[in-house]
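A.B. asks: Structure in structure tokens, see below.
Protein chains in written order, with my numbering: chain S, 1 to 186; chain L, 1 to 175.
Okay, here's the thing in structure tokens:
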């Protein structure tokens, strides 16, 4: 029988390799970890194929919580159960967490220096622009459905402008939006 | 004796964890509401500085949560806030992943996903808007926000270059 026939073999993945591979992903992710996670999972280690990765990602985005942490949880679970999830998520967060705390302590130490505070303000202004751009890029997927544009505007006005509590806005808006989506399905 | 602030931190982020559809970038206004306006753990200036540091560091953008914990209660606070933020959503993800195959093509599942999309877009836009209002106090800061947004939308330039250029302008006292 040819190796190309039948389903591909399930890769053998240990808890240890989950931890180490996600540790590397965490360390490489300047400006977004997701592309690096994809590179590791699909291209380098081939733990998932392209379709599987897209499925894992869409489930991660569908559920609450940081997407990349959810990816680690799902991949860890798939190969090693609960211990695998913990190993992958821990590996992912360990170095970035240590690094950002170190950075914050250094910043606190040198915060009296005007240039340091100025640099921080500059970064903050640019980073705000990145979040706005992210929203507009995400908005491309909904621009053909007027009801979706309407829901996005209501969410923006309620949370961004009127600063209403998220819990109540979601409690009202998510059922409404899912109902519109159900009604419009086809 | 465990300081009460740790319990408060844990409680706030345990709830936020399950509300964070669309990830950490979608709930910036709500985090700000809770930690600045209600609990006064940070000032507006602190919040926007912590956001900048989290963006400048490698790693996922949920790191802002650890810096808020750190401001409120030191390194222990950072760990507590981070665990609380990731715990409930991770547990939910674990259990949904178990049953996901059965529901992947269900019409209701697809309707829910299509319904959540515009809510997430509105929330992330709110985050960008609130952050801009909080950070930008002069025309130069607004210009940096606007130019960065346009570059991110129209080019494939790595975001790190934009952050570095903005940091340089800020360090020179131009922002």
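Glycine included, each C-beta is placed from N, C-alpha and C at the ideal position.
Given a cut-off of 8 Å, decide if residue 41 of chain S and residue 95 of chain S are closer than it, judged by their beta-carbon atoms.
C.D. replies: Position 95 of the first chain, counted from the first residue, corresponds to residue 95 of chain S. Position 41 of the first chain, counted from the first residue, corresponds to residue 41 of chain S. Cβ distance not < 8 Å, so residue 95 of chain S and residue 41 of chain S don't count as in contact.
A.B. asks: Which residues of the region 47 to 59 of chain S have a Cβ closer than 7 Å to any Cβ of chain B? Give them in chain order.
C.D. replies: Considering every chain present, this structure includes no chain B. Its protein chains are S and L.
A.B. asks: Residues of chain L with a CB under 7 Å from the CB of residue 178 of chain S: which are they?
C.D. replies: Your numbering for residue 178 of chain S matches position 178 in the first chain. Here the neighbours are 111, 112, 115.
A.B. asks: Could you check whether residue 123 of chain S and residue 55 of chain L sit closer than 8 Å to each other, using their CB atoms as the reference points?
C.D. replies: Locating residue 55 of chain L in the second chain gives position 55, counting from the first residue. Locating residue 123 of chain S in the first chain gives position 123, counting from the first residue. Taking 8 Å as the Cβ cut-off, residue 55 of chain L and residue 123 of chain S qualify as a contacting pair.
A.B. asks: I believe residue 177 of chain L touches residue 136 of chain S by the beta-carbon criterion, under 8 Å. Please report the beta-carbon distance rounded to the nearest angstrom.
C.D. replies: Residue 177 of chain L is absent from the structure shown; chain L starts at 1 and stops at 175.
A.B. asks: So, is residue 21 of chain S buried or exposed, given that buried needs 16 or more other C-beta atoms within 10 angstroms?
C.D. replies: On the first chain, residue 21 of chain S is found 21 positions in, with the first residue counted as 1. Buried, because 16 or more other Cβ atoms sit within 10 Å of the Cβ of residue 21 of chain S.
A.B. asks: Does residue 100 of chain L get closer than 8 Å to chain S when you measure Cβ to Cβ?
C.D. replies: Within the second chain, residue 100 of chain L is the residue found at index 100, counting from 1. It does; some Cβ of chain S falls within 8 Å.
A.B. asks: Helix, strand or coil, according to DSSP, for residue 64 of chain S in the structure here?
C.D. replies: Along the first chain, read from residue 1 onward, the residue named residue 64 of chain S stands at position 64. Residue state, collapsed to three classes: strand.
A.B. asks: Using a C-beta cutoff of 8 Å, does residue 109 of chain S count as contacting chain L?
C.D. replies: Against the first chain, residue 109 of chain S aligns to sequence position 109. For residue 109 of chain S, the answer is no, since every Cβ of chain L falls outside 8 Å of its Cβ.
A.B. asks: Helix, strand or coil: which one does DSSP assign to residue 21 of chain L?
C.D. replies: Position 21 of the second chain, counting from 1, holds the residue named residue 21 of chain L. Residue 21 of chain L: strand per DSSP, three-state reduction.
A.B. asks: For chain L, check one thing: does any of its Cβ atoms lie closer than 8 Å to the Cβ of residue 18 of chain S?
C.D. replies: In the first chain, residue 18 of chain S corresponds to position 18, counting from 1. False, the Cβ-Cβ gap to chain L never drops below 8 Å.
A.B. asks: So, with DSSP's three-state summary, where would you put residue 42 of chain L?
C.D. replies: To locate residue 42 of chain L, count along the second chain from 1; it is residue 42. Residue 42 of chain L falls in the coil class under three-state DSSP.
A.B. asks: Given a limit of 9 Å on CB to CB distance, which residues of the region 114 to 129 of chain S reach chain L?
C.D. replies: Hits within the stretch, in order: 114, 115, 116, 117, 118, 119, 120, 121, 122, 123, 124, 125, 126, 127, 128, 129.
A.B. asks: In chain order, what residues of the same chain lie with their CB nearer than 8 Å to the CB of residue 174 of chain L, ignoring the 5 residues before and after it?
C.D. replies: Position 174 of the second chain, counted from the first residue, corresponds to residue 174 of chain L. If we look at residue 174 of chain L and ignore the five residues flanking it on each side, its Cβ neighbours are 140.
A.B. asks: Strictly under 8 Å for the Cβ-Cβ distance: is residue 42 of chain L near chain S by that measure?
C.D. replies: The residue given as residue 42 of chain L occupies position 42 in the second chain. Answer no: the Cβ-Cβ gap between residue 42 of chain L and chain S never drops below 8 Å.
A.B. asks: Return yes when the Cβ of residue 138 of chain S is within less than 8 Å of the Cβ of residue 120 of chain L, no when it is not.
C.D. replies: As a working note, residue 120 of chain L is residue 120 in the second chain. As a working note, residue 138 of chain S is residue 138 in the first chain. Closer than 8 Å, so yes.
A.B. asks: Just to confirm my understanding: we take residue 6 of chain L, look at its own chain, exclude 5 residues before and 5 after, and list those with CB closer than 7 Å. What are they?
C.D. replies: Within the second chain, numbered from 1, the residue matching residue 6 of chain L stands at position 6. Here the set comprises 73, 76, 77, 80.
A.B. asks: Is there at least one Cβ from chain S nearer than 8 Å to residue 92 of chain L's Cβ?
C.D. replies: Numbered from 1 along the second chain, position 92 holds the residue referred to as residue 92 of chain L. For residue 92 of chain L, the answer is yes, since a Cβ of chain S falls inside 8 Å of its Cβ.
A.B. asks: So that I know if they touch, is there some Cβ in chain L lying closer than 8 Å to that of residue 44 of chain S?
C.D. replies: Along the first chain, one-based indexing puts residue 44 of chain S at 44. Judged by the 8 Å Cβ criterion, residue 44 of chain S is not in contact with chain L.
A.B. asks: If you draw a straight line from the alpha carbon of residue 71 of chain L to that of residue 37 of chain S, how long is it in whole angstroms?
C.D. replies: To locate residue 71 of chain L, count along the second chain from 1; it is residue 71. To locate residue 37 of chain S, count along the first chain from 1; it is residue 37. When rounded, the distance between both Cα atoms is 30 Å.
A.B. asks: What is the rounded straight-line gap between the Cα of residue 98 of chain S and the Cα of residue 130 of chain L?
C.D. replies: Translated into positions along the first chain, residue 98 of chain S becomes position 98. Translated into positions along the second chain, residue 130 of chain L becomes position 130. If you take the alpha carbons of residue 98 of chain S and residue 130 of chain L, they lie about 27 Å apart.
A.B. asks: Just the Cα atoms here: how many angstroms apart are residue 125 of chain L and residue 132 of chain S?
C.D. replies: The residue you call residue 125 of chain L lines up with position 125 of the second chain. The residue you call residue 132 of chain S lines up with position 132 of the first chain. Approximately 6 Å between the Cα atoms of the pair.
A.B. asks: Report the rounded CA-to-CA distance for residue 163 of chain L versus residue 151 of chain L, giving the unit in angstroms.
C.D. replies: For the purposes of this step, residue 163 of chain L is taken as residue 163 along the second chain, with counting starting at 1. For the purposes of this step, residue 151 of chain L is taken as residue 151 along the second chain, with counting starting at 1. If I take the Cα positions, the gap works out to 12 Å.
A.B. asks: Can you say whether residue 79 of chain S is buried or exposed, counting buried as having 16 or more other CB atoms within 10 angstroms of its CB?
C.D. replies: Here residue 79 of chain S refers to the residue found at position 79 when the first chain is read from its first residue. Its Cβ being crowded by 16 or more others within 10 Å, residue 79 of chain S is buried.
A.B. asks: Residue 27 of chain L by DSSP, collapsed to three states: which one?
C.D. replies: By one-based count along the second chain, residue 27 of chain L stands at place 27. Note: residue 27 of chain L maps to coil in three-state DSSP.
A.B. asks: Would the region 19 to 28 of chain L count as touching the region 64 to 74 of chain S if we require 3 or more Cβ pairs under 8 Å?
C.D. replies: As far as the Cβ criterion goes, the region 19 to 28 of chain L touches the region 64 to 74 of chain S, which means the pair count is three or higher.
A.B. asks: Considering only heavy atoms of the ligand HEM, does any lie closer than 7 Å to the CB of residue 143 of chain S?
C.D. replies: Summarising the ligand content, the structure contains no ligands, and the ligand HEM is consequently not present.
A.B. asks: What are the uninterrupted segments assigned as alpha helix (DSSP H) that are 4 or more residues long and contained completely in the region 110 to 161 of chain S, given in chain order?
C.D. replies: As far as the region 110 to 161 of chain S is concerned, its whole alpha helix (DSSP H) runs of at least 4 residues are 114 to 139, 146 to 155.
A.B. asks: Take the Cβ of residue 12 of chain L as the centre, count every other Cβ of all protein chains shown within 10 Å, and call the residue buried at 16 or more, exposed below.
C.D. replies: Residue numbering aside, residue 12 of chain L sits at position 12 when the second chain is read from its first letter. Residue 12 of chain L is buried by the Cβ-count criterion.
A.B. asks: Does any CB atom of chain S fall closer than 8 Å to the CB of residue 36 of chain L?
C.D. replies: Locating residue 36 of chain L in the second chain gives position 36, counting from the first residue. It does not; no Cβ of chain S falls within 8 Å.
A.B. asks: Pull up the distance between the alpha-carbon of residue 116 of chain S and that of residue 182 of chain S, whole angstroms please.
C.D. replies: Working through the first chain from its first residue, we reach residue 116 of chain S at position 116. Working through the first chain from its first residue, we reach residue 182 of chain S at position 182. C-alpha separation (whole angstroms): 51 Å.
A.B. asks: Hey, would you say residue 126 of chain S sits closer than 8 Å to residue 148 of chain L, going by beta carbons?
C.D. replies: Here residue 126 of chain S corresponds to residue number 126 of the first chain, with the count starting at 1. Here residue 148 of chain L corresponds to residue number 148 of the second chain, with the count starting at 1. A contact, by the Cβ cut-off of 8 Å.
A.B. asks: Between residue 1 of chain L and chain S, is there a C-beta pair that is closer than 8 Å?
C.D. replies: Walking along the second chain from the start, residue 1 of chain L turns up at place 1. No, because no Cβ of chain S sits closer than 8 Å to the Cβ of residue 1 of chain L.
A.B. asks: What residue from L/83, L/167, L/90 has the CA that sits closest to residue 82 of chain S's CA?
C.D. replies: The residue labelled residue 82 of chain S in the question sits at position 82 within the first chain. Checking every option, the nearest Cα to that of residue 82 of chain S belongs to L/90.
A.B. asks: I'd like to check one pair, residue 56 of chain S with residue 53 of chain L: are the Cβ atoms closer than 8 Å?
C.D. replies: In the second chain, the residue the question calls residue 53 of chain L occupies position 53. In the first chain, the residue the question calls residue 56 of chain S occupies position 56. Result no, Cβ atoms of residue 53 of chain L and residue 56 of chain S do not sit closer than 8 Å.
A.B. asks: Given that residue 66 of chain L touches chain S, what residues does it touch there, using C-beta distances under 8 Å?
C.D. replies: Counted from its first residue, the second chain places residue 66 of chain L at position 66. Residues of chain S passing the Cβ test: 97, 100, 101.
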